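Residue numbers (our numbering): 5 to 67.
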């Protein structure tokens with residue numbers, strides 16, 4: 005298996021929703037894993053948690 009290079013992500017150039025996804029991953033302690041191995045390396049439980057928090061924040065913003 006070929007190991008991927010670690011990604012360098014510039015949060016300033018991302019779309020707001022994409023930026024939120026990275027911020028939540030960081031809050032959950034998953035950002036290093038995502039940057040090293042990509043989003044596919046997360047379990048369904050981890051991605052579900054991120055998705056749930058994104059939904060929760062979007063609802064809070066619209067109120």
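Each residue gets a CB set at the ideal place from its N, CA and C atoms; glycine is no exception. A quick note: this is a predicted structure, and the numbers were derived from the prediction, not measured.
(message) Just to confirm, is the Cβ distance from residue 26 to residue 35 under 8 angstroms?
(response) yes
(request) Note down the Cα distance separating residue 23 from residue 30, rounded to an integer number of angstroms. (result) 11 angstroms
(message) Once DSSP output is grouped into helix, strand and coil, what is the label at residue 25?
(response) helix
(request) Pull up the distance between the alpha-carbon of residue 45 and that of residue 55, whole angstroms please. (result) 15 angstroms
(message) Here's the rule I'm using: 16 or more other beta-carbon atoms within 10 Å means buried, otherwise exposed. How should residue 12 be labelled?
(response) exposed
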